[in-house]
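J.: Top to bottom, those sequences are chains A and B. The numbers in the working numbering rise by one with no breaks, and the one at position 174 of the first sequence is 231. The numbers in the working numbering rise by one with no breaks, and the one at position 172 of the second sequence is 229. We put the beta carbon where it would ideally sit given N, CA and C, even for glycine. Quick caveat, the model's predicted, so the values are computed rather than measured.
Protein chains: 2
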Amino acid sequence: METREADRLVPRDREILRDIIATYILSAEPVSSRSVAKQGRLGLSAATIRNVMADLEEWGYLVQPHTSAGRVPTPAAYHMFIESMMQARKLPARERRYIEENLASTPADADQLIGIASHLLSELSQQVSIVVAPALGDTVLKAVDFVPVAERKVLCVVVSQEGFVDNRVIETGEEIPRQELTRISNYLSENFAGHTLREIRDRLLRQMTEERLQVDSFLARTIDLAREGLALDSQPEVLVDGASALLARPELADIQRVRRMFEAFTDKARLVRMLNGCIQGGGVRVLIGDDSDLTSELDFSLVASSYRVGEQPLGTLGIFGPSRMEYQKIIPLVHYLGQALSRALSEGFAGAPAERWEKR
Amino acid sequence: METREADRLVPRDREILRDIIATYILSAEPVSSRSVAKQGRLGLSAATIRNVMADLEEWGYLVQPHTSAGRVPTPAAYHMFIESMMQARKLPARERRYIEENLASTPADADQLIGIASHLLSELSQQVSIVVAPALGDTVLKAVDFVPVAERKVLCVVVSQEGFVDNRVIETGEEIPRQELTRISNYLSENFAGHTLREIRDRLLRQMTEERLQVDSFLARTIDLAREGLALDSQPEVLVDGASALLARPELADIQRVRRMFEAFTDKARLVRMLNGCIQGGGVRVLIGDDSDLTSELDFSLVASSYRVGEQPLGTLGIFGPSRMEYQKIIPLVHYLGQALSRALSEGFAGAPAERWEKR
DNA sequence: GCTTAGCACTCTCGCGTGGAGAGTGCCAAC
DNA sequence: GTTGGCACTCTCCACGCGAGAGTGCTAAGC
Chain A
58 METREADRLV PRDREILRDI IATYILSAEP VSSRSVAKQG RLGLSAATIR
108 NVMADLEEWG YLVQPHTSAG RVPTPAAYHM FIESMMQARK LPARERRYIE
158 ENLASTPADA DQLIGIASHL LSELSQQVSI VVAPALGDTV LKAVDFVPVA
208 ERKVLCVVVS QEGFVDNRVI ETGEEIPRQE LTRISNYLSE NFAGHTLREI
258 RDRLLRQMTE ERLQVDSFLA RTIDLAREGL ALDSQPEVLV DGASALLARP
308 ELADIQRVRR MFEAFTDKAR LVRMLNGCIQ GGGVRVLIGD DSDLTSELDF
358 SLVASSYRVG EQPLGTLGIF GPSRMEYQKI IPLVHYLGQA LSRALSEGFA
408 GAPAERWEKR
Chain B
58 METREADRLV PRDREILRDI IATYILSAEP VSSRSVAKQG RLGLSAATIR
108 NVMADLEEWG YLVQPHTSAG RVPTPAAYHM FIESMMQARK LPARERRYIE
158 ENLASTPADA DQLIGIASHL LSELSQQVSI VVAPALGDTV LKAVDFVPVA
208 ERKVLCVVVS QEGFVDNRVI ETGEEIPRQE LTRISNYLSE NFAGHTLREI
258 RDRLLRQMTE ERLQVDSFLA RTIDLAREGL ALDSQPEVLV DGASALLARP
308 ELADIQRVRR MFEAFTDKAR LVRMLNGCIQ GGGVRVLIGD DSDLTSELDF
358 SLVASSYRVG EQPLGTLGIF GPSRMEYQKI IPLVHYLGQA LSRALSEGFA
408 GAPAERWEKR
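Listed below in structure tokens is the structure:
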């Protein structure tokens, strides 16, 4: 019922709501009619603004913590603010430069790179950052290598085109001589580089069932090793950074809340579900309050985006913090860092050598 | 001046001090003379106990938060408690079994193993656990492998006898053909398996300077790659687990303290310094309050031990929490887990295949 | 000479009270 | 439609007070 009314928000109402939200984001305290009037942007008296505020409350954009307190924006208000009331500033040149410098500096592999990204995100936002590393299956193979490490154990090293390195120890039914391991890894690298691990695995499984009996022992071994070495079961890794900066914020003065927050961070699987669930398209997505169980439980918001190489989205990255957030800064930051990370992953580790590899 | 007096602690004084500490550890509240008398273990009246408590305070074992509050043990009291007043219980069979099962279960490599150890430690103690992974230089080489990943980039995979796997990307001045890489890794694995990376690096450096001009190009390349691949510069990894359980404790009702705690955890280098600084000998070491800057800053204690393979200590593990700690449980736990982890590292990944490798 | 009961003293903690301040809602006037 | 005025409500803080807990001291008892 309120929505119909809400659609009628006249420009002046919007201006007032905008001021209230902007003020609250900075002050963390309920905003009074008087303080809006005092800003003087609209030349209205406190009484008039009070009337508007009463309407805005009725329409679901504001709430009062108690009678005779100022008003606080609701999630609906934040949504409207983000969509049509704020001008998303460009990320300041200083911060862009800072990001570029850091991403370009040391990283030898992609895992370090996303670690740096996570740290940048929390440092520049003073909030908690969350970065989900790619699921192994989505990465594109560049090379495989097997190193014997014990009697029937082989270390399988998988290097992806994006620069991720994964290693896992697999048990082999029988002892496999070193030369054969080399042959197998050459075979796999040459034949499958350029495909995602998921594709490779599917193809191998199909081959196995189709040609079950005709395969020679070399191919059989290869398939066995590859099946184990490229298994996709593992949970994607999640990096959480910057929790201590959050503790300075007034909304976390209550220990119980802090505790629930940390418990949420411990449950990585839930984080991954939330992050990945909210990213389908390309841009930045914002979840506020009731939008998801995690954000509603803590009265937090999540600003998330994905990073990708080419068309393939690899993982997500985002910022998690109290709903009262400087969206004008945070959204461009997440957006920019998503792109910067995508760029760094595309440029830094893949490229020319991948083709060379296939030609060997 | 007090110490002389303290040496005179008669058995009854010790009994009373012991009761006070034990009570305080459980209750987290200042202990009154009356509550000690009520336990009735000594058949003394509260007044008598009061007299003793006044002495104990004078000698530096107790303090009062304010006049007319009960008394609280000082770090000196905890030290005495640990050294001669508590009977360290054996770790209950249930917990031993739990530890063994978990350590024996999944782990494919040593990094996972220490992750599990860290988790066990925090879970069983309900405190924060800290585990320092081995410095790379202290591990014993089992195999080296090089995988080309880009034009002049080679991924160097180092597998240690203990089961740790480390990989880093190194830039090579020139393109090195794949066969040569294989030769180099064979050469290194065959000649150096069984030595710590530090030894190997030193030996290579010596060789390089001694035979500077006589080395052929193969050896030169080998030395170059090994020098970079086995570089020891990296900070050891630190695992911190279980922070959220700590938040339930009454001593962390104050947010400021929580914040300082998290800031301390962020400064990994400082943690490493503290942990490693306190472990020289074999057993369990306990730092309380003023013993180190980190513990005194937070009024925390650290119970730490090392884990090792053979004689070589590899890393440290410990529990960090408010000084009021159930030392009777925590100390055996840390002790046992240090041994269990040492055992798991010795058995699980090294052993027979190491020798086989050298004979190739 | 050690132990203990008794007692006065001190300090914290919880609770109610009361006033100041902030903010609202409503009404009447413009 | 806007605004000044005013009564009302609610929070917050300071204050005081009494209860309770615990101590230190003293004097009496074993």
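Could you tell me if alanine 283 (chain A) is buried or exposed, where buried requires 16 or more neighbouring beta carbons within 10 angstroms of its beta carbon?
T.: buried
J.: Would a C-beta distance cut-off of 8 Å place leucine 198 (chain A) and valine 215 (chain A) closer than the cut-off?
T.: Cβ distance < 8 Å, so leucine 198 (chain A) and valine 215 (chain A) count as in contact.
J.: Entirely within the stretch 301-351 of chain B and at least 4 residues each: give me those alpha helix (DSSP H) ranges in chain order.
T.: Listed in chain order, the alpha helix (DSSP H) runs fully inside the stretch 301-351 of chain B are 312-323, 325-335, counting runs of at least 4 residues.
J.: Could you check what DSSP says for arginine 154 (chain A) in three-state terms: helix, strand or coil?
T.: helix
J.: Tell me, which residues are paired with valine 216 (chain B) by DSSP?
T.: B:Ala200, B:Val222
J.: Could you pull the start and end residues of the alpha helix (DSSP H) that valine 109 (chain B) belongs to?
T.: 103-115
J.: Let me know if glutamine 218 (chain A) comes out buried or exposed under the rule of 16 or more other beta-carbons within 10 Å of its beta-carbon.
T.: Within a 10 Å sphere around the beta-carbon of glutamine 218 (chain A) sit 16 or more other beta-carbons, which makes this residue buried.
J.: Leaving out the 5 sequence neighbours to the left and right, which residues in its chain are closer than 7 Å to glycine 172 (chain B) when beta-carbon positions are compared?
T.: Leu296
J.: Quick one: is glycine 338 (chain A) buried, meaning 16 or more other Cβ sit within 10 Å of its Cβ, or exposed?
T.: exposed
J.: Starting from threonine 279 (chain B) and walking both ways along the alpha helix (DSSP H), at which residues does that stretch end?
T.: 274-286
J.: Does any residue of chain A have a CB that is nearer than 8 Å to the CB of lysine 95 (chain B)?
T.: no
J.: Suppose contacts are defined by Cβ-Cβ distances below 8 Å. Is leucine 303 (chain A) in contact with valine 185 (chain A) by that definition?
T.: yes
J.: When you check each C-beta in the stretch 207-229 of chain B against every C-beta of chain A, which residues fall closer than 7 Å?
T.: Ala207, Glu208, Leu212, Val214, Val216, Val222, Asn224, Arg225, Val226
J.: Taking the DSSP output, what are the residues bridged to proline 68 (chain A)?
T.: DSSP, once it has assigned bridges, lists no residue as partnering proline 68 (chain A).
J.: State whether the stretch 357-368 of chain B contacts the stretch 141-151 of chain B, with contact taken as three or more CB pairs (one from each stretch) at a distance under 8 Å.
T.: no
J.: For serine 349 (chain B), which of B:Arg330, B:Ser102, B:Arg365, B:Leu212 has the nearest alpha-carbon?
T.: B:Arg330
J.: Taking 8 Å as the CB-CB limit, is phenylalanine 319 (chain B) close to chain A?
T.: yes
J.: Does any residue of chain B bring its CB to less than 8 Å from the CB of aspartate 281 (chain A)?
T.: no
J.: Strictly below 8 Å CB to CB, what residues from chain B border threonine 323 (chain A)?
T.: Ser301
J.: Could you tell me how far apart the beta carbons of alanine 134 (chain A) and isoleucine 78 (chain A) are, in whole angstroms, since I believe they sit closer than 8 Å?
T.: 6 Å
J.: So which residues of chain A does arginine 316 (chain B) contact, with C-beta pairs closer than 8 Å?
T.: Ser301, Leu304, Ala305
J.: Name the residues in the stretch 160-172 of chain B whose C-beta lies less than 7 Å from a C-beta of chain A; which are they?
T.: Ala165, Asp166
J.: Using a Cβ-Cβ cutoff of less than 8 Å, which residues in the same chain neighbour glutamine 121 (chain B) once the five nearest sequence positions on both sides are dropped?
T.: Pro87, Glu114, Gly127, Arg128, Val129
J.: Please confirm if alanine 310 (chain B) has its CB atom under 8 Å from at least one CB of chain A.
T.: yes
J.: Determine, using beta carbons only, whether threonine 80 (chain B) and serine 92 (chain B) come nearer to each other than 8 Å.
T.: yes
J.: Closer than 7 Å by beta-carbon distance: list the chain A residues that pair up with lysine 199 (chain B), in chain order.
T.: Result: Val206.
J.: Check whether the stretch 190-204 of chain B touches the stretch 247-261 of chain B, counting contact only when three or more Cβ pairs, one atom from each stretch, lie closer than 8 Å.
T.: yes
J.: Quick check on this structure: which residue in A:Ile388, A:Leu101, A:Asp76, A:Phe377 has the alpha carbon closest to the alpha carbon of alanine 354 (chain A)?
T.: In the sequence as displayed, the identity of residue 354 (chain A) is glutamate instead of alanine. Taking only the C-alpha atoms, the option nearest glutamate 354 (chain A) is A:Phe377.
J.: Taking only three categories from DSSP, how would you classify lysine 95 (chain A)?
T.: Correct three-state label for lysine 95 (chain A): helix.
J.: When you compare only the Cα positions, how much space is there between proline 149 (chain A) and leucine 390 (chain A)?
T.: 9 Å
J.: With respect to the alpha helix (DSSP H) encompassing isoleucine 173 (chain B), which residues constitute its N-terminal and C-terminal limits?
T.: 167-182
J.: Quick one: is aspartate 202 (chain B) near chain A, going by C-beta distance under 8 Å?
T.: yes
J.: With DSSP collapsed to three states, give me the class of lysine 210 (chain B).
T.: strand
J.: Verify the CB distance criterion: does isoleucine 253 (chain A) have a CB-CB separation below 8 Å to chain B?
T.: The question names isoleucine, yet the displayed sequence has threonine at residue 253 (chain A). The C-beta of threonine 253 (chain A) comes no closer than 8 Å to any C-beta of chain B.
J.: Are the CB atoms of alanine 145 (chain B) and glutamine 385 (chain B) nearer to each other than 8 Å?
T.: yes
J.: For a contact meaning CB atoms closer than 9 Å, what does threonine 239 (chain A) contact in chain B?
T.: The contacting residues are Thr239.
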